[in-house]
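In our numbering, the protein residues as written are 2 to 92.
In C-alpha cells, the structure reads:
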C-alpha cells in the first residue's frame, strides 16, 4: 500500500491506521506527504516507532516535516527527496 498525505494534522499514525482499516491491507510500502513533524515531540517519537514497525520501503517526507525530523526518521526508514514537480511511479 502507498499512502499519500497532505499535511498530517491528525497524526500519521491515525492516517495509517485508518488506511489499513479501510483497505484491510496491513503492509505499508511507501508513505508520501507532509508529516506535520517540526521537531522533537511525542508525535515524532510515535512516528519513529510506527515506521520502525512498518519497515517502509520508501518514505517521501515533504512539507511540514523539519530537517531534524527527517534525520530522526531516516534512522528507521529510507527517507527520499520529493517536492513540487517530483514524479513518482509505484508498481
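From the three backbone atoms N, C-alpha and C, an ideal C-beta is built for every residue, glycine too.
Given this structure, state the Cα-to-Cα distance separating residue i from residue j, to the nearest angstrom.
i          : j          : result
residue 90 : residue 41 : 32 Å
residue 13 : residue 26 : 16 Å
residue 56 : residue 73 : 15 Å
residue 7  : residue 87 : 15 Å
residue 43 : residue 92 : 33 Å
May I ask you to report which of helix, strand or coil DSSP gives residue i?
i          : result
residue 60 : strand
Can you round the beta-carbon distance between residue i and residue j to whole angstroms, since I take them to be within the 8 Å contact cut?
i          : j          : result
residue 83 : residue 65 : With a Cβ gap of about 13 Å, residue 83 and residue 65 do not count as contacting.
Got a sec? Which residues, its chain only, sit under 6 Å from residue i by beta carbon, not counting five neighbours each side?
i          : result
residue 70 : 38 and 45
residue 81 : 59 and 61
For residue i, I'd like the list of residues in its chain whose CB is within less than 7 Å of its CB, leaving aside the five on either flank, ordered along the chain.
i         : result
residue 9 : 16, 34, 35, 36 and 37
residue 5 : 33 and 34
Of all the beta strand (DSSP E) runs that stay within the bounds of the stretch 3-53, which reach a length of 3 or more residues? 3-8 and 31-35
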